[in-house]
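Asker:
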């Protein structure tokens, strides 16, 4: 492994902490190493890193520094008294830590392969069709609805990844498969370095606190018989009110009822439902759609997950309050460094908040690239059609648009070759017979279209 | 509860008026009032609805029935649920024609249905299908065909694009625009989505808490929005063109109409709020030619 361009400092001391639970026959989880630096102002900074990120020359790769603590003192026994966690709160960061943060944000550094939070390879979700007895006798061919077909991508830490496409394109199914709410029919899902494709439910459960979902309809996703406090506290309760240590791996202790309440209050103020006391004891029906969606966001983030699926989180809301909920989610993501899969048919919205956009059509990925490039310079004819269909709030530009005809075909028997050829204005013979591969046309901008191969 | 108060506007033949506002702003109530089909308990307390020289408010119910569909018809939102699932689509449209026109022959009706299907761009042979055999976009088209069944003079679209995908939505909007030009319909489009209105309408009325706060032609409202609420709405729109920016929003909640804020109803959310806004209600007055606004700033 090569050293990063700038060493973050020499490790003065390191030891293994958070050894993972070695109870019974369970295998130890990954060890974390506590490393210590002498900071410029004389105090000591301590951070946790996995041993794999310690470099041979004794320095540490800074981008993994997700949790840092300022240490006041180390007592004789070697126990640390942590003054407070410094993570994310930019104003309060001491200069030396700000440097860490900056290093962490360096993108596209080929020397540092940032570990993805979630990555999928050739993921498939096919639903077999029910057929009558005679059909099964006379035809051996199996019929499947190919909801998601051979999709691959990965999400890095803190990334907002948008999935765009019409209804029936498979975006929601893909979100559910990633969360293992439905199991995939093929391919691989790797979450936080673990292959979860076939993981049994019992082993999925501890990982579930790292993955959350915000649903589309805040009128149906909140239990009408629970008060807001209970709705937000429920994820904590499901996990037995356990508090986890900084590494997120090992249990530290059980939270008391008062602490749970504190957490709920903190979450409510983070989603700007203030004062929290006023909202905690309400029922969902006593709140407006925007407020309910804030509760749904608070519930998703209360466990500080590393991965959140937001399935059309604002499409049911009025335009005037959409922006607020979106900004709130973006802020929470930036603060908590969670990765978000943002499912939306509104590609204009995706452009403004997402880092990358993937366009799906009939379960296939058509285009993938940075949000700006995909919207400003769409390569695939389908992406171009999606973008030109977006209504523009400018009455003078209305006659200039071309709208493609037709609607998304049935995924039971999708068109041969390129699935878009039935509606594509540039379709030629090759598109009917041959499926176009996803190729990189410019840096980090992929498209599956014969116009580019 | 006063859902709509002091609302005035006019629509001419071949012209489209857009009514925009958040949910609860009273825009749908306006539409239902025009047809006098307000939900139970709702009634028109005061005012006039002049349609071709007749005051619809004063009209007896029997006369009003003749206006509905033949005079003014409506396309409801939710294309998925607005049709009867157990009747063929063509028969549902035929029913509307038979109800409103005495003495039409069956073959006439059949021909009319086929022609309506053609008008909205559906294969006439599909008239024998049931609604579930139609896709979302086709159902929306069929609903438009149904609204046009009795050759109305005015068409009201209540959120005609929402709940549809962008591409299908764009197709529907284009169809409505074409129909308006081709048939010379007067149109009222109701939507919370300003961009849908910008795409289809020549005139715009912005509603907030049951009142019109700004009214004028579409170009001057979108180019030069005067009311802070309109400005906020336009800014809240993620633009497909231009730089990536942080979206701006209108802070606060839509008002409770049972207990609306005093004087200017937008004052608790207004960035330019002044003392006078809390004591005196602004009246809608002409600021530029044909561009009216109700705000103390002007």
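Protein chains in written order, with our numbering: chain X, 99 to 551; chain H, 76 to 373. A virtual CB, placed ideally from N, CA and C, is assigned to each residue, including glycine. All figures in this text were calculated on a predicted structure; none of them were measured in a lab.
Is there a C-beta anywhere in chain H that falls below 9 Å from the one on residue 485(X)?
Answerer: Taking the first residue of the first chain as position 1, residue 485(X) is located at position 387. Answer yes: the Cβ-Cβ gap between residue 485(X) and chain H drops below 9 Å somewhere.
Asker: May I have the straight-line CA-CA distance separating residue 374(H) from residue 219(H), to the nearest angstrom?
Answerer: Since the first and last residues shown for chain H are 76 and 373, residue 374(H) lies out of range.
Asker: Does the beta carbon of residue 240(H) come closer than 9 Å to any beta carbon on chain X?
Answerer: As a first step, residue 240(H) is located in the second chain; it is residue number 165 there, counting from the start. Closer than 9 Å to some Cβ of chain X, the Cβ of residue 240(H) qualifies, so yes.
Asker: For residue 531(X), decide whether its Cβ has a neighbour in chain H, counting only Cβ atoms nearer than 9 Å.
Answerer: For the purposes of this step, residue 531(X) is taken as residue 433 along the first chain, with counting starting at 1. No - not a single Cβ of chain H is within 9 Å of the one on residue 531(X).
Asker: Please list, in chain order, all residues of the same chain as residue 265(X) whose beta carbon is under 8 Å from its beta carbon, the five residues on each side excluded.
Answerer: For this step, residue 265(X) is matched to residue 167 along the first chain. Excluding sequence neighbours, residue 265(X) sits near 443, 506.
Asker: Which residue marks the beginning of the alpha helix (DSSP H) containing residue 310(X), and which one marks its end?
Answerer: By 1-based counting over the first chain, the position of residue 310(X) is 212. No alpha helix (DSSP H) holds residue 310(X); the beta strand (DSSP E) holding it covers 309 to 312.
Asker: What does residue 416(X) touch in chain H if you count any residue whose Cβ is under 7 Å from its own?
Answerer: Sequence index remark: in the first chain, residue 416(X) carries index 318 (1-based). Near residue 416(X) (Cβ distances below 7 Å), the residues of chain H are 97, 98, 267.
Asker: Mind checking if residue 192(H) is an interface residue toward chain X, Cβ cutoff 9 Å exclusive?
Answerer: Position 117 of the second chain holds residue 192(H). False, the Cβ-Cβ gap to chain X never drops below 9 Å.
Asker: Report, in whole angstroms, the separation of the C-beta atoms of residue 414(X) and residue 299(X), which I expect to be a contact under 8 Å.
Answerer: The residue given as residue 414(X) occupies position 316 in the first chain. The residue given as residue 299(X) occupies position 201 in the first chain. That pair is no contact at about 30 Å.
Asker: In the structure shown, what three-state DSSP assignment does residue 305(X) receive?
Answerer: Here the question's residue 305(X) lines up with position 207 in the first chain. Residue 305(X): helix per DSSP, three-state reduction.
Asker: CB-CB under 8 Å to residue 76(H), same chain, minus the five flanking residues each way: which ones, in chain order?
Answerer: Residue 76(H) sits at position 1 when you count from the first residue of the second chain. Counting only Cβ-Cβ distances below 8 Å, and skipping sequence neighbours, we find 332, 333.
Asker: Let me check understanding here. Comparing Cα to Cα, which of 437(X), 436(X), 513(X), 457(X) lies closest to residue 445(X)?
Answerer: Numbered from 1 along the first chain, position 347 holds the residue referred to as residue 445(X). Cα-wise, what sits closest to residue 445(X) is 457(X).
Asker: Could you tell me whether the Cβ atoms of residue 93(H) and residue 266(H) are closer together than 9 Å?
Answerer: Position 18 of the second chain, counted from the first residue, corresponds to residue 93(H). Position 191 of the second chain, counted from the first residue, corresponds to residue 266(H). Closer than 9 Å, so yes.
Asker: Which parts of the stretch 125 to 195 of chain H are runs of the beta strand (DSSP E), unbroken and 3 residues or longer, counting only runs that do not cross its ends?
Answerer: You should have 147 to 150.
Asker: I need the straight-line Cα distance from residue 234(X) to residue 214(H), nearest angstrom please.
Answerer: On the first chain, position 136 is the one that residue 234(X) refers to. On the second chain, position 139 is the one that residue 214(H) refers to. Each residue's Cα considered, the two are about 33 Å apart.
Asker: Are the beta-carbon atoms belonging to residue 309(H) and residue 493(X) less than 9 Å from one another?
Answerer: Taking the second chain and counting its residues from 1, one reaches residue 309(H) at position 234. Taking the first chain and counting its residues from 1, one reaches residue 493(X) at position 395. Contact flag unset, no.
Asker: Just list the residues that DSSP pairs residue 289(X) with in beta bridges.
Answerer: If you number the first chain from 1, residue 289(X) lands on position 191. 216(X), 292(X).
Asker: Could you give the residue range of the alpha helix (DSSP H) that holds residue 334(H)?
Answerer: Here the question's residue 334(H) lines up with position 259 in the second chain. No alpha helix (DSSP H) holds residue 334(H); DSSP gives it neither H nor E.
Asker: Taking the alpha-carbon positions, what's the residue 245(X) to residue 263(X) distance?
Answerer: Residue mapping note: residue 245(X) aligns to position 147 of the first chain, counting from 1. Residue mapping note: residue 263(X) aligns to position 165 of the first chain, counting from 1. Rounded to the nearest angstrom, the two C-alpha atoms are 13 Å apart.
Asker: Check whether the stretch 414 to 425 of chain X and the stretch 276 to 294 of chain H are in contact - that is, three or more C-beta pairs closer than 8 Å.
Answerer: Output reads no: the stretch 276 to 294 of chain H does not touch the stretch 414 to 425 of chain X.
Asker: Going by the CB atoms, is the gap between residue 224(H) and residue 191(H) shorter than 9 Å?
Answerer: The residue given as residue 191(H) occupies position 116 in the second chain. The residue given as residue 224(H) occupies position 149 in the second chain. Contact: yes.
Asker: Here's the rule: buried if 16 or more other CB atoms are within 10 angstroms of the residue's CB, otherwise exposed. What is residue 312(H)?
Answerer: As a working note, residue 312(H) is residue 237 in the second chain. Its Cβ being crowded by 16 or more others within 10 Å, residue 312(H) is buried.
Asker: Where does residue 481(X) land, buried or exposed, given buried means 16+ other C-beta within 10 angstroms?
Answerer: Along the first chain, read from residue 1 onward, the residue named residue 481(X) stands at position 383. Answer is buried; the Cβ neighbour count reaches 16.
Asker: Drop a sphere of 10 angstroms on the beta-carbon of residue 130(X), count the other beta-carbons inside from all chains shown, and report buried for 16 or more, exposed for fewer.
Answerer: As a position in the first chain, residue 130(X) is number 32, starting the count at 1. Its pLDDT being 49, under 50, residue 130(X) is placed unreliably in this model, and the coordinates cannot settle the point.
Asker: Hey, how far is the Cα of residue 349(H) from the Cα of residue 371(H)?
Answerer: Here residue 349(H) is taken as the residue at index 274 of the second chain, counted from 1. Here residue 371(H) is taken as the residue at index 296 of the second chain, counted from 1. Rounded to whole angstroms, residue 349(H) to residue 371(H) spans 8 Å at the Cα level.
Asker: Distance check for residue 320(H) and residue 285(H), CA to CA, integer angstroms please.
Answerer: Translated into the one-based positions of the second chain, residue 285(H) becomes position 210. Translated into the one-based positions of the second chain, residue 320(H) becomes position 245. When rounded, the distance between both Cα atoms is 32 Å.
Asker: Among all the DSSP beta bridges, which residues are the ones paired with residue 467(X)?
Answerer: Indexing the first chain from 1 puts residue 467(X) at position 369. BP columns for residue 467(X) point to 455(X).
Asker: Please tell me whether residue 113(X) has its Cβ less than 9 Å away from any Cβ of chain H.
Answerer: Position 15 of the first chain, counted from the start, is the residue given in the question as residue 113(X). The predicted model places residue 113(X) with a pLDDT of 44, which falls under 50 and marks its position as unreliable; any figure quoted below should be read in that light. Judged by the 9 Å Cβ criterion, residue 113(X) is not in contact with chain H.
Asker: Could you check whether the Cβ of residue 102(H) sits closer than 9 Å to any Cβ belonging to chain X?
Answerer: Your numbering for residue 102(H) matches position 27 in the second chain. Chain X, which has no Cβ nearer than 9 Å to the Cβ of residue 102(H), makes this no.
Asker: Nearest CA to the CA of residue 280(H): which residue from 323(H), 238(H), 367(H), 229(H)?
Answerer: By 1-based counting over the second chain, the position of residue 280(H) is 205. For residue 280(H), the nearest C-alpha among the options comes from 367(H).
Asker: Can you give the beta carbon distance from residue 543(X) to residue 534(X), rounded, assuming they're within the 8 Å contact cut?
Answerer: Taking the first chain and counting its residues from 1, one reaches residue 543(X) at position 445. Taking the first chain and counting its residues from 1, one reaches residue 534(X) at position 436. No, residue 543(X) and residue 534(X) are not in contact; Cβ-Cβ is about 15 Å, not under 8 Å.
Asker: Check residue 85(H) in the structure and name its three-state DSSP category.
Answerer: Your numbering for residue 85(H) matches position 10 in the second chain. Three-state DSSP puts residue 85(H) in coil, outside helix and strand.
Asker: State the CB to CB distance for the pair residue 282(H) and residue 96(H), rounded to an integer number of angstroms; the pair is presumed to be in contact (CB under 8 Å).
Answerer: Locating residue 282(H) in the second chain gives position 207, counting from the first residue. Locating residue 96(H) in the second chain gives position 21, counting from the first residue. 4 Å between Cβ atoms; contact.
Asker: Checking contacts by CB at 9 Å: is residue 242(X) closer than that to chain H?
Answerer: For the purposes of this step, residue 242(X) is identified with residue 144 of the first chain, where counting begins at 1. For residue 242(X), the answer is no, since every Cβ of chain H falls outside 9 Å of its Cβ.
Asker: Using Cβ-Cβ distances below 7 Å, what residues of the stretch 423 to 444 of chain X are close to chain H?
Answerer: Those residues of the stretch 423 to 444 of chain X that come within reach of chain H (Cβ to Cβ, closer than 7 Å) are 424, 425, 443.
Asker: Give me the residue from 144(H), 81(H), 216(H) with the minimum Cα distance to residue 194(H).
Answerer: For the purposes of this step, residue 194(H) is taken as residue 119 along the second chain, with counting starting at 1. Out of 144(H), 81(H), 216(H), 216(H) has the C-alpha closest to the C-alpha of residue 194(H).
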